[in-house]
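*Asks:*
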């Protein structure tokens, strides 16, 4: 509210207010002649209501359509994108939006996408959020999502419910290795070869390896486990070196399969082979069809 000050009876020229920029605190003062008169400084503050966080986001991040598209067709993402907090939109080689994400390190997140789905991550739009708490990030992400949905009538494929392509999944807990006997001091009621036969026929994929699936004890077994994990196939593993619970298994298995070395991989009750054969099939792309049978 403006304040009116009356000064009398001294006749003086009208006071000249001093103008200040918005960067300094304004003070109003008057120089009166011939007799100087000083008044206390009056501090005037412009009232500005607190802005909601959503408004801060709107000013800090451009709209999705206004944001520049940055090509990321190589792995040198760090030099092209900021390692800051914000939102990002990923486009494929046809310029179609695939995913809208939020991250504490945009460059690192995009690099992960480049390595996992390079064909879907060809260019990116980035919006840096000035106040990087979770609420602000979410509001920025929502603004881009809503803009895209309004323009196209659909959610980006990577943001659809159930799509796990773009979201880093927690590692699954590894299954324990199977034990064929209750212990080496327990008397078996059936021959060990019969237990092996039942095992490979009742389970789709069985890998007889040296060591456990979580800690293979030879390079060939480690390679086999890596291939099976890469294929995402559900499989059982048996440690042929476990003399406590699988005593005598190595010799019994050699006799059963007529295969002298380990590891040995069975699919649908049939011996596929060892590490070399599985590696060759993997490199030729033949395992997917084998595991679907």
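Numbering (the numbering used here), first residue to last: 851 to 1143. All C-beta atoms in this analysis are idealised placements derived from N, C-alpha and C, irrespective of residue type, glycine included.
With 16 as the cutoff for other CB atoms within 10 Å, does residue 1096 come out buried or exposed?
*Replies:* buried
*Asks:* Select from 1049, 1078, 1121, 1050 the residue whose C-alpha is nearest the C-alpha of residue 1063.
*Replies:* 1078
*Asks:* Compute the Euclidean distance between the alpha carbons of residue 933 and residue 1069, then round it to the nearest angstrom.
*Replies:* 38 Å
*Asks:* Could you give the residue range of the alpha helix (DSSP H) that holds residue 1076?
*Replies:* 1069-1081
*Asks:* Which complete beta strand (DSSP E) runs does the stretch 1031-1072 hold, if anything under 3 residues is left out?
*Replies:* 1055-1059
*Asks:* Between the alpha carbons of residue 1108 and residue 1073, how many angstroms are there, rounded?
*Replies:* 22 Å
*Asks:* Let me check one thing: in DSSP terms, what residues is residue 973 bridge-paired to?
*Replies:* 921, 941
*Asks:* Quick one: what does DSSP say residue 936 is sitting in, helix, strand or coil?
*Replies:* It is a strand residue.
*Asks:* Out of 974, 948, 914, 944, which has the shortest C-alpha to C-alpha gap to residue 921?
*Replies:* 974
*Asks:* Rounded to whole angstroms, what is the Cα-Cα separation between residue 980 and residue 1082?
*Replies:* Cα to Cα, the separation comes out at about 40 Å.
*Asks:* Would you grab the beta carbon distance between residue 1089 and residue 1027 for me? Rounded to a whole angstrom, and I think it's under 8 Å.
*Replies:* 5 Å
*Asks:* In the stretch 1086-1125, which residue ranges form an unbroken beta strand (DSSP E) of at least 3 residues, counting only runs that do not cross its ends?
*Replies:* Counting only runs of 3 or more, we get 1086-1089, 1114-1117, 1120-1123.
*Asks:* So, under 8 Å CB-CB, residue 1112 and residue 1060 are touching, yes? Tell me the CB distance rounded to an integer number of Å.
*Replies:* Right, their Cβ atoms sit about 6 Å apart.
*Asks:* Measuring straight from C-alpha to C-alpha, what distance separates residue 943 and residue 1103?
*Replies:* 51 Å
*Asks:* Cα-Cα, which of 1034, 957, 917 is closest to residue 935?
*Replies:* Relative to residue 935, the option among 1034, 957, 917 whose CA is nearest is 957.
*Asks:* Note down the Cα distance separating residue 1049 from residue 1007, rounded to an integer number of angstroms.
*Replies:* 41 Å
*Asks:* Whole angstroms is fine: what's the gap from residue 1015's alpha carbon to residue 964's?
*Replies:* 12 Å
*Asks:* Measuring only between beta-carbons, confirm whether residue 955 sits less than 8 Å from chain D.
*Replies:* Among the protein chains of the structure shown there is no chain D, as only one such chain exists.
*Asks:* Can you give the Cα-Cα distance for residue 961 and residue 978, rounded to whole angstroms?
*Replies:* 17 Å
*Asks:* In whole angstroms, give me the CA-to-CA distance for residue 1132 and residue 1000.
*Replies:* Roughly 44 Å separates the two Cα atoms.
*Asks:* For residue 1169, report the span of its beta strand (DSSP E) as first-last.
*Replies:* Any property of residue 1169 remains undetermined from this structure, which presents the chain solely from 851 to 1143.
*Asks:* Using the rule of at least 16 other Cβ atoms within 10 Å of the residue's Cβ for burial, across every protein chain shown, is residue 1076 buried or exposed?
*Replies:* exposed
*Asks:* Nearest by alpha-carbon distance to residue 1145: which of 1041, 1138, 1010 is it?
*Replies:* Absent from the structure is residue 1145, since the part of the chain shown begins at 851 and ends at 1143.
*Asks:* Can you check DSSP and say which residues form a bridge with residue 950?
*Replies:* Answer is 939, bridged to residue 950.
*Asks:* Around the Cβ of residue 1124, are there at least 16 other Cβ atoms within 10 angstroms (buried) or fewer (exposed)?
*Replies:* It is buried - the Cβ of residue 1124 has at least 16 other Cβ atoms within 10 Å.
*Asks:* In whole angstroms, what separates the C-alpha of residue 1024 from that of residue 1032?
*Replies:* 21 Å
*Asks:* Hey, could you find the ends of the alpha helix (DSSP H) residue 1011 is sitting in?
*Replies:* Note, residue 1011: premise wrong, no alpha helix (DSSP H); not H, not E.
*Asks:* Let me know if residue 855 comes out buried or exposed under the rule of 16 or more other beta-carbons within 10 Å of its beta-carbon.
*Replies:* Unreliable placement is indicated for residue 855, whose pLDDT of 44 sits below 50; the coordinate value is still reported in the next sentence. Exposed, because fewer than 16 other Cβ atoms sit within 10 Å of the Cβ of residue 855.
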